[in-house]
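First the structure, in the form of structure tokens, and then the observations on it.
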Amino acid sequence: MERAVVRCVPSEPKLSLRFVLPDGSARHMQRDQEEPLGRALARIATNAAKGHGKAGKKSKKARAEGGAESEAALPAVRLFSPDGAAVAEEVPNAAAWQDGAVLHIGDARYHVERNPPALTELSLPRSLLAGFPVCPKVSAEFAAPQHCLFRWFREQRPAGGGDAAGEAWVETAAAERVFTPSNALVGLRLKLRCTPGDGEQRYGPAREVESSGPVEAGPGACTFDARHLYTKKVCGRGSVRAVSYNILADTYAQTEFSRTVLYPYCAPYALEIDYRQNLLKKELAGYSADLICLQEVDKSVFVDSLAPALDAFGLEGLFRIKEKQHEGLATFYRRDKFSLLSQHDIAFSEALLSEPLHKELCEQLAKYPLVQEKVSVLQSTTDPSRKLCVANTHLYWHPKGGHIRLIQIAVAMSHLKHVACDLYPSIPVIFCGDFNSTPSSGTYSFISSGGIAEDHEDWISNGEEERCSMSLSHPFKLLSACGEPAYTNYVGGFHGCLDYIFIDRNALEVEQVIPLPSHEEITTHQALPSVSHPSDHIALICDLKWK
Numbered sequence: 001m002e003r004a005v006v007r008c009v010p011s012e013p014k015l016s017l018r019f020v021l022p023d024g025s026a027r028h029m030q031r032d033q034e035e036p037l038g039r040a041l042a043r044i045a046t047n048a049a050k051g052h053g054k055a056g057k058k059s060k061k062a063r064a065e066g067g068a069e070s071e072a073a074l075p076a077v078r079l080f081s082p083d084g085a086a087v088a089e090e091v092p093n094a095a096a097w098q099d100g101a102v103l104h105i106g107d108a109r110y111h112v113e114r115n116p117p118a119l120t121e122l123s124l125p126r127s128l129l130a131g132f133p134v135c136p137k138v139s140a141e142f143a144a145p146q147h148c149l150f151r152w153f154r155e156q157r158p159a160g161g162g163d164a165a166g167e168a169w170v171e172t173a174a175a176e177r178v179f180t181p182s183n184a185l186v187g188l189r190l191k192l193r194c195t196p197g198d199g200e201q202r203y204g205p206a207r208e209v210e211s212s213g214p215v216e217a218g219p220g221a222c223t224f225d226a227r228h229l230y231t232k233k234v235c236g237r238g239s240v241r242a243v244s245y246n247i248l249a250d251t252y253a254q255t256e257f258s259r260t261v262l263y264p265y266c267a268p269y270a271l272e273i274d275y276r277q278n279l280l281k282k283e284l285a286g287y288s289a290d291l292i293c294l295q296e297v298d299k300s301v302f303v304d305s306l307a308p309a310l311d312a313f314g315l316e317g318l319f320r321i322k323e324k325q326h327e328g329l330a331t332f333y334r335r336d337k338f339s340l341l342s343q344h345d346i347a348f349s350e351a352l353l354s355e356p357l358h359k360e361l362c363e364q365l366a367k368y369p370l371v372q373e374k375v376s377v378l379q380s381t382t383d384p385s386r387k388l389c390v391a392n393t394h395l396y397w398h399p400k401g402g403h404i405r406l407i408q409i410a411v412a413m414s415h416l417k418h419v420a421c422d423l424y425p426s427i428p429v430i431f432c433g434d435f436n437s438t439p440s441s442g443t444y445s446f447i448s449s450g451g452i453a454e455d456h457e458d459w460i461s462n463g464e465e466e467r468c469s470m471s472l473s474h475p476f477k478l479l480s481a482c483g484e485p486a487y488t489n490y491v492g493g494f495h496g497c498l499d500y501i502f503i504d505r506n507a508l509e510v511e512q513v514i515p516l517p518s519h520e521e522i523t524t525h526q527a528l529p530s531v532s533h534p535s536d537h538i539a540l541i542c543d544l545k546w547k
């Protein structure tokens, strides 16, 4: 029996119908969902008659001799429900075209498939490295990537080292969504065949995609390899593994200033985003994290690379970017441990405008690039009483911007107070980010001690003309879960501790901190980034548990 594929989505006014007539001609119709079935069937009959007429065209002489007999008669067109009853012609299209129904067009029979699984996008990364996971981007309708079938193929290596006579593919043993090519595949292209599925034993037509280039040799040992020895498994139900990482936005890595001044020691190809994404995906996947807070995330990197890759490893991604900006904040959480209750994202300047803490603060902040805070409230899937307020931020970078960072963190803590004290009273806070502040700074002191005096030196970090001194406080008891490492940012002209995972010391405690790479590993290629490390920052990783 032939197939008649119906796509009917409640939010759209029309449904579509695709089938192939007995003469081999394909038909694709769009009909109003509220239209009576009879009109759609009449249109199908007309199309079938036209198709039959075209297939049986005669010469002018034959048509003249045949007369009216050459005119194609309209075939009988009926629709029968899955239980075999004829569907009344006054029934609306949306209700009439049910999965499992049978369409009769003359003597032809069509099995109706309503909203079958279908792939809308299937692509492979442009850069493939041996030893690094290849994570396809899979978008589907009426299907889910975790229910799709995957078959991986490698190019046939030409015999005797000569040119291949034609394309030939050899299927690999891999049948998972993520495929890690071995060194034996260096120089060969890959092909993926994906069959969409919906988890209810319904599968749609398969699609194939070939890599644009061959698998290339990997860089060898990476700075994160030893760290993965501590994170081979996801931690237990009562624990949470958190990661905070500034991954270096492509928009900053690809400037002439970056290549010649900031990172002149880094091989140009190692600054390319396609190369760095291979390292990032392997690094992040290997941490087996429950929460990942990333800073400096390009929108395209999130949509096309990180979200599809980490989705394959069980992580759901949230992204925040302001209009006219090139990079933003991404927060990922493990689906089988947490569900998302709510999001409360803010841009600091917008917060000051809508709820002015101080007119002077607003005027000061308006002079500087927009900074934001991503706040997500998560709930444990196994213990609904356990909730977390996860905040992610990236503060102003300039060395003389201590007063600006104090303003930003004051707004951030005020916003966190609203979420964690007013909306969700007593919910524990995990505050991750690149705070661009060393442990000796006013920002670090304010976060960890709960207050800052109006005479702190950071209020005049850019001179008396920008002084905006004030006494600030917040209600949280926060500590740096990873302590105060010697550095989390290591570039040619600077190294220091700028990144932190602050936790609520009243509700959470540290089980373990994953050791940072050794100084020898960091400086193997002089500084960061390098061929073995994708960013100028180092990821912070710790295992936490509820008290």
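The opening position of the sequence shown corresponds to residue 1 in UniProt numbering, with each subsequent residue numbered one higher.
Backbone N, C-alpha and C define an ideal beta-carbon position, used for all residues, glycine too.
Fill in: beta strand (DSSP E) segment containing His495, residue limits
Within the sequence shown, the letter at position 495 stands for residue 495. Where His495 is concerned, the enclosing beta strand (DSSP E) stretches over 494-496.
Worksheet item: Looking at the structure shown, is Thr443 part of a helix, part of a strand, or coil, going by DSSP?
Response: Within the sequence shown, residue 443 is the residue found at index 443, counting from 1. Assignment of Thr443 by DSSP, reduced to helix, strand and coil, places it in the helix class.
Worksheet entry | Beta-carbon proximity of Leu423 to Ser448, cut-off 8 Å | Start at 1 with the first residue of the sequence shown, and residue 423 comes out as number 423. Start at 1 with the first residue of the sequence shown, and residue 448 comes out as number 448. If you check the CB distance, Leu423 and Ser448 do not come in under 8 Å.
Worksheet item: What does a CB cutoff of less than 6 Å around Ile321 pick up in its chain, not counting 5 residues either side in sequence?
Response: Here residue 321 refers to the residue found at position 321 when the sequence shown is read from its first residue. So the qualifying residues of the chain are Lys299, Gly328.
Discussion item. Between which two residues does the alpha helix (DSSP H) holding residue 610 run?
Written reply: Beyond the ends of the chain as shown, which are 1 and 547, falls residue 610; an answer cannot be given.
Worksheet item: Where do the ends of the alpha helix (DSSP H) carrying Glu208 lie?
Response: By 1-based counting over the sequence shown, the position of residue 208 is 208. Bounds of any alpha helix (DSSP H) do not take in Glu208; it lies within the beta strand (DSSP E) bounded by 207-210.
Worksheet entry | Expected contact under 8 Å - CB spacing of Leu185 and Ala130 to nearest Å | Along the sequence shown, one-based indexing puts residue 185 at 185. Along the sequence shown, one-based indexing puts residue 130 at 130. For a cut-off of 8 Å, the C-beta gap from Leu185 to Ala130 is around 6 Å, short enough to register as a contact.
Discussion item. Considering Cα atoms alone, identify which of Tyr269, Arg334, Ser244, Val261 is closest to Val297.
Written reply: Residue mapping note: residue 297 aligns to position 297 of the sequence shown, counting from 1. Of the candidates Tyr269, Arg334, Ser244, Val261, the one whose C-alpha sits nearest the C-alpha of Val297 is Ser244.
Discussion item. According to DSSP, is Val531 part of a helix, a strand, or is it coil?
Written reply: Numbered from its first residue, the sequence shown carries residue 531 at position 531. In the three-state reduction of the DSSP assignment, Val531 falls in the coil class.
Discussion item. Looking only at its chain, what residues have a beta carbon closer than 6 Å to the beta carbon of Asn47, apart from the 5 residues adjacent to it on each side?
Written reply: Counting from one through the sequence shown, the residue named residue 47 turns up at place 47. Contacts found: Arg27.
Fill in: Reference Cys194, options Leu188, Glu208, Asn183, closest by Cα
Within the sequence shown, residue 194 is the residue found at index 194, counting from 1. Looking at the Cα atoms, Glu208 is the closest of the given residues.
Worksheet item: Run through DSSP, which three-state label would Arg7 get?
Response: Start at 1 with the first residue of the sequence shown, and residue 7 comes out as number 7. Arg7 carries a strand assignment under DSSP once its states are collapsed to helix, strand and coil.
Item to complete: Pick out the complete beta strand (DSSP E) segments inside the region 187-248, 3 residues or longer, and give them in chain order.
Response: Within the region 187-248, the complete beta strand (DSSP E) runs of at least 3 residues are 190-195, 207-210, 239-246.
Practice prompt. Kindly give me the distance between the Cβ atoms of Pro75 and Ala49, rounded to whole angstroms, as I take these residues to be in contact under 8 Å.
Written response: For this step, residue 75 is matched to residue 75 along the sequence shown. For this step, residue 49 is matched to residue 49 along the sequence shown. Their Cβ separation, rounded to whole angstroms, is 7 Å, which keeps Pro75 and Ala49 in contact under 8 Å.
Worksheet item: How about the region 100-109 and the region 118-130: do they share at least three Cβ pairs that are nearer than 8 Å?
Response: Too few Cβ pairs lie closer than 8 Å, so no.
Worksheet item: Which of the three DSSP states, helix, strand or coil, is assigned to residue 550?
Response: There is no way to answer for residue 550, as the model of the chain reaches only from 1 to 547.
Worksheet entry | Member of Pro475, Ser445, Thr443 whose CA lies at the smallest distance from the CA of Ser426 | Counting from 1 along the sequence shown, the entry for residue 426 is found at position 426. Answer by Cα proximity: Pro475.
Practice prompt. Can you check DSSP and say which residues form a bridge with Phe80?
Written response: The residue you call residue 80 lines up with position 80 of the sequence shown. Answer is Ala86, Val102, bridged to Phe80.
Worksheet entry | Cys432 (DSSP reduced to helix, strand or coil) | Here the question's residue 432 lines up with position 432 in the sequence shown. In this structure, Cys432 counts as strand in the three-state DSSP scheme.
Worksheet item: Between which two residues does the beta strand (DSSP E) harbouring Tyr490 extend?
Response: The residue labelled residue 490 in the question sits at position 490 within the sequence shown. Note, Tyr490: beta strand (DSSP E), 489-491.
Practice prompt. Would you check if the region 304-321 and the region 255-269 touch, i.e. whether three or more CB-CB distances between them fall below 8 Å?
Written response: As far as the Cβ criterion goes, the region 255-269 does not touch the region 304-321, which means the pair count is below three.
Fill in: Boundaries (first-last residue) of the beta strand (DSSP E) holding Gln277
Working through the sequence shown from its first residue, we reach residue 277 at position 277. That residue, Gln277, is in no beta strand (DSSP E); its alpha helix (DSSP H) goes 273-286.
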